[in-house]
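A.B. asks:
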Amino acid sequence: MHELSSVSKQIRRDIIRMVHGASSGHPGGSLGCADFFTALYFKVMKHDPSFNMNATNEDVFILSNGHISPVFYSTLARSGYFDIKELSTFRKIDSRLQGHPATHEHLPGIRIASGSLGQGMSVAIGAALTKKLNGENNLVFSLHGDGELDEGQIWEAIMFAAHHKVDNLISTIDWNGQQIDGPTDKVMSLGNIRQKFDAFGWTTLEMNGNDIDDVIVTLEKAKTLVGQGKPIAIMMHTIMGKGVDFMEGHYEWHGIAPNDDQLAKALAQLPETLGDY
Ligand SMILES: Cc1ncc(C[n+]2csc(CCOP(=O)(O)OP(=O)(O)O)c2C)c(N)n1
Ligand SMILES: [Mg+2]
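Residues in the sequence shown are numbered from 20 upward in steps of one, following the numbering used here.
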């Protein structure tokens with residue numbers, strides 16, 4: 020797994036440089052999910068960087084918590100969807116790398132606009148049902164924030180997916196316990212979300228989202244559970260801001276950019292492994 024850890028290190032470095040370069044963006048959730056994105060795009064998912072919006076005969080990934088666009092854009096660029104140089108345009112006027120992903124910009128790898136929380140589960144279910152209708156065996160993966168679960172549409176979709184046996188869908192929840200204004204327990208307590216997904220009729224798994232080996236093993240295990248009549252949810256424990264000591268576990272880093280001093284301190288902890296953009 021040595022190679023993959025150098026990918027996730029570079030992605031973390033890209034995230035910090037992109038958000039600093041724009042003086043805005045969301046480093047916390049992005050850093051926390053860097054190992055998940057690395058595992059998914061560099062190991063687990065069958066996908067084609069030449070990119071076709073129809074997504075036939077390949078797996079599909081839907082990012083529902085669109086504010087963590089820095090980790091998504093870096094992963095796509097590092098996987099060959101577009102030139103890594105374009106990462107320098109993040110959040111700039113006329114860039115294809117908008118603060119929240121948008122299909123209007125035609126950035127390869129972006130399949131839905133997201134950022135308005137709560138919608139991605141419904142889209143992922145629609146994509147999974149489409150694959151079934153077309154007789155395709157490929158899978159749909161999705162990612163959601165834990166704070167995002169405060170949205171009612173999510174629970175309607177979860178109920179729908181169980182009823183309609185959408186068993187080619189693997190949805191992951193970034194269970195970092197933080198959201199925009201504070202810890203999720205303080206803003207609106209979620210209780211035990213694994214038990215909630217169980218009660219709604221899903222098959223559930225749990226993993227350490229900052230241990231790339233565990234992420235790969237758990238996602239591969241999830242793949243063995245498809246086709247059994249139930250959608251699959253993975254509760255992913257992560258640390259907001261993972262990889263930068265002064266950001267770790269602090270909701271304040273949900274959506275602010277590091278200043279020049281903080282940039283230097285952060286980059287000192289994140290060595291350049293694959294070459295900066
Ligand atoms: C429909 C909707 N309501 C509110 C917001 C504002 N908002 C952006 S991110 C966020 C918190 C999301 O928390 P979580 O999904 O846990 O993300 P994390 O902070 O862990 O990255 C909120 C409330 C939004 N983007 N969309
Ligand atoms: Mg969260």
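Note that beta-carbon positions come from the ideal geometry of N, C-alpha and C, so glycine has one too.
Would you decide whether A218 is buried or exposed? Buried here means 16 or more other CB atoms lie within 10 Å of its CB.
C.D. replies: For the purposes of this step, residue 218 is taken as the residue at position 199 of the sequence shown. With fewer than 16 Cβ atoms within 10 Å of its Cβ, A218 is classed as exposed.
A.B. asks: In the DSSP assignment, find the alpha helix (DSSP H) that holds A146 and state where it starts and stops.
C.D. replies: Numbered from its first residue, the sequence shown carries residue 146 at position 127. Start and end: 139 to 152.
A.B. asks: Check whether the Cβ atoms of R31 and L59 lie closer than 7 angstroms to each other.
C.D. replies: Along the sequence shown, one-based indexing puts residue 31 at 12. Along the sequence shown, one-based indexing puts residue 59 at 40. No.
A.B. asks: D165: beta carbon under 6 angstroms from a heavy atom of ligand 2?
C.D. replies: Counted from its first residue, the sequence shown places residue 165 at position 146. Result yes, Cβ under 6 angstroms from ligand 2.
A.B. asks: Helix, strand or coil for V38? Go by DSSP, reduced to three states.
C.D. replies: Sequence index remark: in the sequence shown, residue 38 carries index 19 (1-based). In this structure, V38 counts as helix in the three-state DSSP scheme.
A.B. asks: Suppose you measure from the CA of N229 to the CA of L289; what does that come to, to the nearest Å?
C.D. replies: The residue labelled residue 229 in the question sits at position 210 within the sequence shown. The residue labelled residue 289 in the question sits at position 270 within the sequence shown. One Cα belongs to N229, the other to L289, and the distance between them is close to 15 angstroms.
A.B. asks: May I ask whether a heavy atom of ligand 2 can be found less than 6 angstroms away from the beta carbon of Q197?
C.D. replies: Residue mapping note: residue 197 aligns to position 178 of the sequence shown, counting from 1. It does: the Cβ of Q197 is within 6 angstroms (strictly closer) of some heavy atom of ligand 2.
A.B. asks: When the Cα atoms are used, what is the spatial distance from N187 to T94?
C.D. replies: Taking the sequence shown and counting its residues from 1, the one referred to as residue 187 is at position 168. Taking the sequence shown and counting its residues from 1, the one referred to as residue 94 is at position 75. Each residue's Cα considered, the two are about 23 angstroms apart.
A.B. asks: Please classify N211: is it buried, with 16 or more other beta-carbons within 10 angstroms of its beta-carbon, or exposed?
C.D. replies: Working through the sequence shown from its first residue, we reach residue 211 at position 192. It is exposed - the Cβ of N211 has fewer than 16 other Cβ atoms within 10 Å.
A.B. asks: So what's L136 in DSSP terms, helix, strand or just coil?
C.D. replies: Position 117 of the sequence shown holds residue 136. The answer is coil: DSSP assigns L136 none of H, G, I, E or B.
A.B. asks: Comparing the CB of N84 with every heavy atom of ligand 1, is any distance shorter than 6 angstroms?
C.D. replies: Position 65 of the sequence shown, counting from 1, holds the residue named residue 84. At least one heavy atom of ligand 1 is nearer than 6 angstroms to the Cβ of N84, so yes.
A.B. asks: Could you give the DSSP three-state label for K28: helix, strand or coil?
C.D. replies: Here residue 28 refers to the residue found at position 9 of the sequence shown. Looking at K28 - three-state DSSP - the assignment turns out to be helix.
A.B. asks: Kindly indicate the opening and closing residues of the alpha helix (DSSP H) around V236.
C.D. replies: Walking along the sequence shown from the start, residue 236 turns up at place 217. Run containing V236: 231 to 243, per the alpha helix (DSSP H) assignment.
A.B. asks: Taking a contact to mean a Cβ-Cβ separation below 7 angstroms, would you say M254 touches I192 in this structure?
C.D. replies: Position 235 of the sequence shown, counted from the start, is the residue given in the question as residue 254. Position 173 of the sequence shown, counted from the start, is the residue given in the question as residue 192. Between M254 and I192, the C-beta gap is smaller than 7 angstroms, which places the two residues in contact.
A.B. asks: Counting along the chain, where does the beta strand (DSSP E) carrying D217 start and finish?
C.D. replies: Locating residue 217 in the sequence shown gives position 198, counting from the first residue. Unbroken run through D217 is the alpha helix (DSSP H), 212 to 218; no beta strand (DSSP E).
A.B. asks: Would you grab the beta carbon distance between L168 and D78 for me? Rounded to a whole angstrom, and I think it's under 8 angstroms.
C.D. replies: Working through the sequence shown from its first residue, we reach residue 168 at position 149. Working through the sequence shown from its first residue, we reach residue 78 at position 59. That pair is no contact at about 24 angstroms.
A.B. asks: Between the C-alpha atoms of E22 and V185, what's the straight-line distance to the nearest angstrom?
C.D. replies: Residue mapping note: residue 22 aligns to position 3 of the sequence shown, counting from 1. Residue mapping note: residue 185 aligns to position 166 of the sequence shown, counting from 1. Distance between the alpha carbons of E22 and V185: 34 angstroms.
A.B. asks: Mind checking who L82 pairs with in its DSSP beta bridge?
C.D. replies: What you label residue 82 is simply residue 63 of the sequence shown in a count that begins at 1. For L82, which the question treats as bridged, DSSP gives the partners L162.
A.B. asks: For the alpha helix (DSSP H) containing L286, name the first residue and the last one.
C.D. replies: Within the sequence shown, the letter at position 267 stands for residue 286. Counting along the chain, the alpha helix (DSSP H) containing L286 begins and ends at 279 to 287.
A.B. asks: Is the beta carbon of D106 less than 7 angstroms from the beta carbon of A96?
C.D. replies: Walking along the sequence shown from the start, residue 106 turns up at place 87. Walking along the sequence shown from the start, residue 96 turns up at place 77. Inspection of the sequence shows that residue 106 is occupied by Leu rather than by Asp. In this structure, A96 lies closer than 7 angstroms to L106 by Cβ.
A.B. asks: Could you check the C-alpha separation between K240 and E225 for me, to the nearest Å?
C.D. replies: Taking the first residue of the sequence shown as position 1, residue 240 is located at position 221. Taking the first residue of the sequence shown as position 1, residue 225 is located at position 206. Distance between the alpha carbons of K240 and E225: 11 angstroms.
A.B. asks: Please report the straight-line C-alpha distance between A287 and G260, rounded to a whole angstrom.
C.D. replies: As a position in the sequence shown, residue 287 is number 268, starting the count at 1. As a position in the sequence shown, residue 260 is number 241, starting the count at 1. Rounded to whole angstroms, A287 to G260 spans 15 angstroms at the Cα level.
A.B. asks: So A41 and R110 are in contact, right, with Cβ under 8 angstroms, and what is the actual spacing, rounded?
C.D. replies: Mapped onto the sequence shown, residue 41 falls at position 22. Mapped onto the sequence shown, residue 110 falls at position 91. Sure, about 4 angstroms apart at Cβ, within 8 angstroms.
A.B. asks: Which residues does DSSP list as the beta-bridge partners of Q198?
C.D. replies: For the purposes of this step, residue 198 is taken as residue 179 along the sequence shown, with counting starting at 1. Bridge partners of Q198: G201.
A.B. asks: Which ranges would you report for the beta strand (DSSP E) in the region 47 to 114 if only whole runs of at least 3 residues count?
C.D. replies: 79 to 82
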